[in-house]
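Q: Just dropping this structure here.
In my numbering, the protein residues as written are 2 to 760.
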């Protein structure tokens, strides 16, 4: 308790603390050998105004008094309307009064004045026993901290009231700190500290090591003697005083060492860190666990003899037990209650005493309470795990979780929380692209296999845009590696069709190039549906890769590069080339032929005088007379390497004047084609040579075929009965044709038709 007479003599020591000795709670019993009169409490601990929130203080008070006696108001239930206080320079911030609980007052005064809520709780208990009393009196509340209450006189009425007591005591300790040399006990130098108000009991020199300890001596100016320390929870002798002894003892019992400010302790000589709770110490096995125990404070250094007072139990795991029996999983400053002992076992813990760490009410209160634990745990690093039977299995995404029949939703902690659990095969829905977390590496997971994807194919098949999520490298490695890589070629599982998956969409492969070496990966329809259908790849298709400007034409046995714009236009039916961009791996996997020749042109090699018509991309057509291609409008020829010409199969029919384009028979003659009706086929005794669409697209379509022809020498003929019949004059033609025109044809055209009688 403290009087307010002068700074030099600021009160008389508490001789007995609170009138009766309070036995320690669940915390470890302190021993007098550990009491250091020069370091009762550290500055860091005493002046920590954020040590406890209002809710933490309330939880602590609730733990000390389960039920208040009828007719009494215990500290856990006390409320009052507090006054507002202006800021005090260098001591306390402004305080806004309101209707509030004792816990609110202790917390807010501690914040405003920068004094530990733990220290204030201990001060209240050692002065009036209010924290643990289940039938407190008004006198205890009005003198809660002993402020203005000397042993030799009654308390000063100006400081009556719970709020006034708490606020005034905190302010006084800040006055001590703000003006350290104005008071009898000064930190950093040797002070003579008495054992008892009776001077005959003597004193001893004490090197006070910090301001907080000096403040306690200025508030209660006596140290315990040997007798008081020898019977730490009882009485000493006639020269014993107990105020500062009881403060140190109560703080130690409730919150751990007041000089270390932590439940995590080690010695200077041994790096093993222990979590100390009650009479037990638990070794912390890893830095990950130590980080997760951060709410219990920084690691403090103590003597080996202090540590030896605690019984060594099992190592700290991932479960904590509160005094009410609730077992929690913890991480990142949060505790999440287990819903059953089975769930605790799933997470590698146990409801047995060796499966958890028993904490005090204060210690468990330092962890924020989170929602109940579930079977799925997400991490801030991006993983999501299904936890069962001590094993964690990474889940790719919501759809995979649903497909596996696992309830939706999950809590999020750190990867460290489940680092000790065995890693199992990931839970992944079928046929998805997956990125290896923290890398740019992708895989296709389909049919229970993992198909690697090269960086080129990631771009070529637009994998990044269709990626379903990421998995850790260790998880992905647990999926069996496929014997082949994904190269952009896929097939619907169980079916034979092939799809080329390019960045812009899907191309259906209708013409398998023999010996192409394409290895389709069987996938589900949902993956194919992620690619819009862009077209069909078939013989004659123009294709290229995204990384090269070379355009190829697809042939039955290979693909051939096109070396000129004219050649490209020649195989473009609309006059505008339609080029399909396929993944590099697809192009690379196709057998390459020689450079394609221009469709619809006449070619010969230097070694062979034979001239051929290059029929699009499919064949070369021989002919015996230049009038045959000329009649169709194809003239002139170019030289090409013999191997390029021979790469085209020879047509089984030589070219004359019959042409088949798109299922329609035509005859040629004047540089254009003339459609032959079915009733006219007997008029023209030619073999009709089929040409592909690229060659046909370059030919001019003239008037439909008629039964009248005119040769270059001016002769007119009527065709009938498989013969040609000469027409003697224009008058005769007019009479026979009835306005039907003739077709101009080469001389050989007429010679190939047998002659009959004059028309």
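Yeah, the Cβ is synthetic: ideal placement off N, Cα and C, and Gly gets one too.
Being a predicted model, the structure only gives us computed values, none of them experimental.
Would you identify the three-state DSSP class for residue 481, choosing helix, strand or coil?
A: coil
Q: What's the call for residue 208, buried or exposed, on a 16-neighbour Cβ count within 10 Å?
A: It is exposed - the Cβ of residue 208 has fewer than 16 other Cβ atoms within 10 Å.
Q: When the Cα of residue 190 is compared with those of 201, 211, 180, which residue comes out closest?
A: Of the candidates 201, 211, 180, the one whose C-alpha sits nearest the C-alpha of residue 190 is 211.
Q: Would the beta-carbon of residue 188 fall within 9 Å of that of residue 46?
A: no
Q: Considering only the beta carbon of each residue, do residue 50 and residue 112 sit closer than 9 Å?
A: Against a cut-off of 9 Å, the Cβ pair of residue 112 and residue 50 comes out as a contact.
Q: Mapping the DSSP letters down to three states, classify residue 4 as helix, strand or coil.
A: Low local confidence applies: a pLDDT of 39 at residue 4 is under 50, so the model's placement there is unreliable, with the coordinate-based value given in what follows. Here residue 4 sits in coil by DSSP.
Q: Do residue 205 and residue 38 have their C-beta atoms closer together than 9 Å?
A: yes
Q: May I have the straight-line CA-CA distance separating residue 384 from residue 410, to the nearest angstrom?
A: Approximately 14 Å between the Cα atoms of the pair.
Q: Mind reading off the beta-carbon distance from residue 350 to residue 381? Whole number of angstroms is fine, and I expect it under 8 Å.
A: Contact doesn't hold; Cβ gap of about 21 Å is too wide.
Q: Confirm the yes/no value for this check: CB of residue 743, any heavy atom of the ligand ADP, distance under 8 Å.
A: The ligand content of the structure shown is nil, which means the ligand ADP is not present either.
Q: Could you tell me which of 633, 137, 118 sits nearest to residue 669, measuring between CA atoms?
A: 633
Q: Which one or two residues does DSSP pair with residue 662 in a beta bridge?
A: 665
Q: Kindly give me the distance between the Cβ atoms of residue 708 and residue 720, rounded to whole angstroms, as I take these residues to be in contact under 8 Å.
A: 5 Å
Q: Alpha carbon to alpha carbon, how far is residue 277 from residue 324? Give it in angstroms, no decimals.
A: 15 Å
Q: Decide yes or no for the touch test of the stretch 249-257 against the stretch 337-352: beta carbon pairs closer than 8 Å, at least 3 of them.
A: no
Q: Candidates 336, 297, 68: which alpha carbon is nearest residue 266's?
A: 297
Q: Counting along the chain, where does the beta strand (DSSP E) carrying residue 444 start and finish?
A: 443-447
Q: Closer than 6 Å by C-beta to residue 400: which residues in its own chain qualify, once you throw out the five before and the five after it? Chain order, please.
A: 430
Q: To test your reading of the DSSP string, which unbroken beta strand (DSSP E) runs of 3 or more residues are found completely within the stretch 49-96?
A: 80-82
Q: Span of the beta strand (DSSP E) holding residue 275?
A: 275-278
Q: Starting from residue 288, trace the alpha helix (DSSP H) in both directions and tell me its first and last residue.
A: Per DSSP, residue 288 belongs to the alpha helix (DSSP H) from 288-293.
Q: How long is the line joining the alpha carbons of residue 755 and residue 702, rounded to whole angstroms?
A: 26 Å
Q: Based on Cα-Cα distance, which residue from 456, 650, 681, 741 lies nearest to residue 437?
A: 456
Q: Whose CA, out of 724, 552, 87, lies closest to the CA of residue 565?
A: 552
Q: Span of the alpha helix (DSSP H) holding residue 220?
A: 212-220
Q: How far does the beta strand (DSSP E) with residue 412 in it extend, from its first residue to its last?
A: 412-414
Q: Decide if residue 485 is buried, meaning its Cβ has at least 16 other Cβ atoms within 10 Å, or exposed.
A: The residue in question, residue 485, is exposed, as its Cβ has fewer than 16 Cβ neighbours within 10 Å.
Q: Let me know if residue 270 comes out buried or exposed under the rule of 16 or more other beta-carbons within 10 Å of its beta-carbon.
A: exposed
Q: DSSP beta-bridge partners for residue 471?
A: 436
Q: Output the distance between the C-alpha atoms of residue 307 and residue 147, rounded to the nearest integer angstrom.
A: 31 Å
Q: If we count the other Cβ atoms within 10 Å of its Cβ and call it buried at 16 or more, is residue 630 buried or exposed?
A: Burial state of residue 630 is buried, judged by a 10 Å Cβ sphere holding 16 or more other Cβ atoms.
Q: Going by DSSP in three states, residue 737 sits in which element: helix, strand or coil?
A: helix
Q: Here's a check: name, in chain order, each residue in its chain whose Cβ is nearer than 7 Å to the Cβ of residue 469, leaving out the five neighbours to either side.
A: These residues qualify, in order along the chain: 397, 398, 433, 434, 435.
Q: Is residue 46 helix, strand or coil by DSSP?
A: helix
Q: Out of 137, 339, 117, 359, which has the shortest C-alpha to C-alpha gap to residue 281?
A: 359
Q: Looking at C-beta atoms only, is the number of pairs between the stretch 659-673 and the stretch 542-551 that lie closer than 8 Å three or more?
A: no
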